[in-house]
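Colleague: This structure is in structure tokens; I'll ask about it shortly.
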Amino acid sequence: MSQQTTRRGGAAWALVITSVAGFMAALDNLVVTTALPSIREDLGGGLHDLEWTVSAYTLTFAVLLMFGAALGDRFGRRRLFIAGLAVFTGASAAAAMAPGIDSLIAARAVQGAGAAVMMPLTLTLLTAAVPVAKRGMAYGIWGAVNGLAVASGPLVGGTLTEHISWQWIFWLNVPLGLALIPVARLRLAESHGTGAPLDVPGTLLASGGLFGIVYGLVRGPADGWTSSLVLTGLFAGGALLVGFILYSTRAKNPMLPMRLFRSRAFSGINAASLLMFLGMFGSIFLLSQYMQGVLGYSPTEAGLRMLPWTGMPMLVAPIAGILADRIGGRPVVAAGLFLQALGLGYMAVVATADASYVSQLPALIVSGVGMALFFAPASHLVMSSVRPSEQGIASGANNALREVGGALGIAVMGSIFAAQGGYETGQTFVDGMRPALVTGSAVVALAGVAALLIPTRRRTERQAGPAEPAPVLETAAH
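So in full-length UniProt numbering, the last one in the sequence shown is 478, and the numbering has no gaps at all.
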């Protein structure tokens, strides 16, 4: 009995530690957006520099995610998680104290590197600590916290900037990080992956390819899609990723085994994750500006009015995790994606330059429920589609694809917005936002179709491969 109590205590600590760490990393994707006018006033810099305060984090985060997961598998997941957390915390303090725009951009890049090591290991450490029968609920809480962080970034950034100062969007991470480091050292169990040596050629090809693709996506709307640097980044990145795929099919110990994608479960959930983040990131990016620039709400008021969407994961995602345990993740994920698509489509219909909040509320609620139903079962499907020793790299690959999807969403929907409308008046903003939201809705619906291609739970177990000694993941009997 005491051993079970200890196990439950360890699982609870792991859930708290990994959820808070995940919240910090996910929050910093969009937390800067509402603070950009204040940063420009204090530190100067042009539009290009301000965009890089957002992009520098996204770029290093996306590029280094799989490398961070591979480092954890090789040298110890708890050890590298703590190292990534320390780097992230230190870089947050450096960003808060930045004397100029260039040093702020540099700190943001280092912050993204720390998050890339820390983030993929949160799921692996959580999986190892939680009993099989409780994983759905644990993933639900973890997913709820991460979903809330992504969606509430503009609210948190706007509130801190409006009522204290923009520096506090970075200072917020410092006490959290300093508190988590010793607790993680004491409460998390160490674990390793396969023990294979680091795949240096694969790491260089994957990191270089992701850098080129994400750089091109980030810079495309600002520099123009036909500019030499954007085209070079996209084509060179694409070529390096093709080289990575060809290399990984032949390598003895590849960083990302290509055979994982022969699993319909692994391929389906990763495609759904990329498309979901594409539609969601682009929509939040535009809707947070619509609430403030067109409807006239302050950053805090806009964030509060988006709570039916952004806060819904805290209520629904734990329930979604329990449902995934009982009926499987596929129907829950697919239902969530189709609801998210419906909510975005509804918002595109009712959005006007003087829309009332009551008219928008159904769209926000439906989108929130949909997002909540996606997050927890999606994490469960990723981790259960591979062998226990491969969960670290599976988590890294899924997180990398989510980040690329987010960058792509902002780029694509921003380009549609710029082509169809602009910032001149409230009406021109709505004219640009509507087709962008319709595009986001269609993309998320396509993600729902991808989720339907995931096999049922029993077939997913068989595709994960032969059982290993004392397996970490297996489906609980119900």
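Using N, Cα and C, we set each Cβ at its ideal position, and we do this for glycine too.
Can you give me the Cβ contacts of glutamine 427 inside the same chain, cut-off strictly under 6 Å, excluding the 5 residues immediately before and after it?
Modeller: What you label residue 427 is simply residue 427 of the sequence shown in a count that begins at 1. If we look at glutamine 427 and ignore the five residues flanking it on each side, its Cβ neighbours are Ala353.
Colleague: State the start and end residues of the unbroken alpha helix (DSSP H) segment that holds threonine 89.
Modeller: To locate residue 89, count along the sequence shown from 1; it is residue 89. Note, threonine 89: alpha helix (DSSP H), 77-96.
Colleague: Only counting the same chain, and skipping five residues up and downstream in sequence, which positions put a Cβ closer than 6 Å to that of glycine 233?
Modeller: By one-based count along the sequence shown, residue 233 stands at place 233. So the qualifying residues of the chain are Gly212, Tyr215 and Gly216.
Colleague: Rounded C-beta distance between alanine 56 and tryptophan 166? I'm assuming under 8 Å.
Modeller: Sequence index remark: in the sequence shown, residue 56 carries index 56 (1-based). Sequence index remark: in the sequence shown, residue 166 carries index 166 (1-based). Rounded, the Cβ-Cβ distance is 16 Å, inconsistent with contact.
Colleague: Which class does threonine 365 belong to by DSSP, given the choice of helix, strand or coil?
Modeller: The sequence position of residue 365 within the sequence shown is 365, counting from 1. Residue 365 is actually isoleucine in this sequence, not threonine. Note: isoleucine 365 maps to helix in three-state DSSP.
Colleague: Whose C-beta lies closer than 8 Å to the C-beta of glutamate 190 among residues of the same chain, with five residues either side of it excluded?
Modeller: Position 190 of the sequence shown, counted from the first residue, corresponds to residue 190. Around glutamate 190: Gly76, Arg77, Arg78 and Arg79.
Colleague: How big is the Cα-Cα spacing for leucine 121 and threonine 53?
Modeller: In the sequence shown, counting from the first residue as 1, residue 121 sits at position 121. In the sequence shown, counting from the first residue as 1, residue 53 sits at position 53. About 25 Å.
Colleague: Thinking C-alpha only, which one of Leu337, Val200, Ala115 and Asp73 is nearest alanine 378?
Modeller: Working through the sequence shown from its first residue, we reach residue 378 at position 378. Out of Leu337, Val200, Ala115 and Asp73, Leu337 has the C-alpha closest to the C-alpha of alanine 378.
Colleague: Report the residue ranges of all alpha helix (DSSP H) runs contained in full by the segment 277-340; include only those spanning at least 4 residues, in chain order.
Modeller: Listed in chain order, they are 299-305, 307-310 and 312-327.
Colleague: Please tell me whether proline 87 and glycine 68 are closer than 8 Å, where the distance is taken between their beta carbons.
Modeller: Along the sequence shown, read from residue 1 onward, the residue named residue 87 stands at position 87. Along the sequence shown, read from residue 1 onward, the residue named residue 68 stands at position 68. Strictly speaking, residue 87 in this sequence is valine, with proline absent from that position. No.
Colleague: Can you give me the Cβ contacts of alanine 334 inside the same chain, cut-off strictly under 7 Å, excluding the 5 residues immediately before and after it?
Modeller: Stepping through the sequence shown from its first residue, residue 334 is reached at position 334. Result list for alanine 334: Gly448, Ala451 and Leu452, in chain order.
Colleague: How about valine 20 and leucine 176: are their beta carbons less than 8 Å apart?
Modeller: To locate residue 20, count along the sequence shown from 1; it is residue 20. To locate residue 176, count along the sequence shown from 1; it is residue 176. Yes, these two residues count as a Cβ contact at 8 Å.
Colleague: Just to confirm, is the Cβ distance from alanine 93 to valine 183 under 8 Å?
Modeller: The count along the sequence shown starts at 1 and reaches residue 93 at position 93. The count along the sequence shown starts at 1 and reaches residue 183 at position 183. No, these two residues do not count as a Cβ contact at 8 Å.
Colleague: For aspartate 102, count neighbouring Cβ atoms within 10 angstroms of its own Cβ and tell me buried if that reaches 16, exposed if not.
Modeller: Counted from its first residue, the sequence shown places residue 102 at position 102. Aspartate 102 is exposed by the Cβ-count criterion.
Colleague: Using 8 Å as the threshold, is the C-beta distance between leucine 198 and valine 63 below it?
Modeller: By one-based count along the sequence shown, residue 198 stands at place 198. By one-based count along the sequence shown, residue 63 stands at place 63. Not closer than 8 Å, so no.
Colleague: According to DSSP, is threonine 249 part of a helix, a strand, or is it coil?
Modeller: In the sequence shown, residue 249 corresponds to position 249, counting from 1. The answer is helix: DSSP assigns threonine 249 an H, G or I state.
Colleague: Rounded to whole angstroms, what's the CA-CA distance from proline 435 to proline 362? Just pull it up for me.
Modeller: As a working note, residue 435 is residue 435 in the sequence shown. As a working note, residue 362 is residue 362 in the sequence shown. Computed Cα separation, rounded: 19 Å.
Colleague: By DSSP, does arginine 402 sit in helix, in strand, or in coil?
Modeller: In the sequence shown, residue 402 corresponds to position 402, counting from 1. Residue state, collapsed to three classes: helix.
Colleague: According to DSSP, is serine 267 part of a helix, a strand, or is it coil?
Modeller: Residue 267 sits at position 267 when you count from the first residue of the sequence shown. Three-state DSSP puts serine 267 in a helix.
Colleague: Contact defined as beta carbons within less than 8 Å: I believe leucine 59 pairs with glycine 22. What is the distance between those atoms, to the nearest angstrom?
Modeller: What you label residue 59 is simply residue 59 of the sequence shown in a count that begins at 1. What you label residue 22 is simply residue 22 of the sequence shown in a count that begins at 1. Wrong, their Cβ atoms sit about 20 Å apart, outside the cutoff.
Colleague: Alpha helix (DSSP H) containing alanine 353: first to last residue?
Modeller: Reading the sequence shown from its first residue, position 353 is the one you call residue 353. Careful: alanine 353 lies outside any alpha helix (DSSP H) and carries neither H nor E.
Colleague: Could you spell out where the alpha helix (DSSP H) holding methionine 119 opens and where it closes?
Modeller: Here the question's residue 119 lines up with position 119 in the sequence shown. It spans 101-129 - the alpha helix (DSSP H) in which methionine 119 sits, taken as one unbroken run.
Colleague: Buried or exposed: glutamine 382, going by 16 or more other Cβ atoms within 10 Å of its Cβ?
Modeller: Locating residue 382 in the sequence shown gives position 382, where the first residue counts as 1. The sequence given here has valine at residue 382, not glutamine. Valine 382 should be labelled buried.
Colleague: With H, G and I counted as helix, E and B as strand and the rest as coil, what does DSSP make of arginine 259?
Modeller: Here residue 259 is taken as the residue at index 259 of the sequence shown, counted from 1. Helix at arginine 259.
Colleague: Spatial neighbours of phenylalanine 261 within its chain, please: C-beta separation below 6 Å, excluding the five flanking residues on both sides.
Modeller: The sequence position of residue 261 within the sequence shown is 261, counting from 1. Counting only Cβ-Cβ distances below 6 Å, and skipping sequence neighbours, we find Ser267.
Colleague: Going by DSSP, what residue range makes up the alpha helix (DSSP H) through serine 441?
Modeller: What you label residue 441 is simply residue 441 of the sequence shown in a count that begins at 1. It spans 426-452 - the alpha helix (DSSP H) in which serine 441 sits, taken as one unbroken run.
Colleague: Run through DSSP, which three-state label would asparagine 173 get?
Modeller: Against the sequence shown, residue 173 aligns to sequence position 173. Correct three-state label for asparagine 173: helix.
Colleague: Find the nearest neighbour of residue 480 within the set Ile82, Gly84, Pro99 and Gly158, judged by alpha-carbon distance.
Modeller: This structure leaves residue 480 out entirely; the chain is present only between 1 and 478.
Colleague: Would you mind working out which of Ala239, Gly303, Ala12 and Ile393 sits nearest alanine 74, comparing C-alpha positions?
Modeller: As a working mapping, residue 74 is identified with position 74 in the sequence shown. The sequence given here places arginine at residue 74; alanine does not occur at that position. Cα-wise, what sits closest to arginine 74 is Ile393.
Colleague: Would you please state the rounded distance, in angstroms, between the beta carbons of valine 438 and leucine 275? I believe it to be under 8 Å.
Modeller: By 1-based counting over the sequence shown, the position of residue 438 is 438. By 1-based counting over the sequence shown, the position of residue 275 is 275. So it is not a contact: roughly 15 Å between Cβ atoms.
Colleague: Can glycine 279 and glycine 409 be called in contact, C-beta distance under 8 Å?
Modeller: Along the sequence shown, one-based indexing puts residue 279 at 279. Along the sequence shown, one-based indexing puts residue 409 at 409. Yes, the Cβ-Cβ distance between glycine 279 and glycine 409 is below 8 Å.
Colleague: Taking the C-alpha atoms as reference points, what is the distance between leucine 186 and alanine 129?
Modeller: As a first step, residue 186 is located in the sequence shown; it is residue number 186 there, counting from the start. As a first step, residue 129 is located in the sequence shown; it is residue number 129 there, counting from the start. Taking the straight line joining both Cα atoms gives about 13 Å.
Colleague: Is the beta carbon of glycine 440 less than 8 Å from the beta carbon of glycine 303?
Modeller: Here residue 440 refers to the residue found at position 440 of the sequence shown. Here residue 303 refers to the residue found at position 303 of the sequence shown. Contact flag unset, no.
Colleague: Give a yes or no on whether the C-beta atoms belonging to methionine 66 and methionine 255 are separated by under 8 Å.
Modeller: Residue 66 sits at position 66 when you count from the first residue of the sequence shown. Residue 255 sits at position 255 when you count from the first residue of the sequence shown. Yes.
Colleague: Residues in its own chain within less than 6 Å of valine 218 by CB, not counting five upstream and five downstream?
Modeller: Residue numbering aside, residue 218 sits at position 218 when the sequence shown is read from its first letter. Within the same chain, valine 218 has close Cβ partners Ser55 and Ala407.
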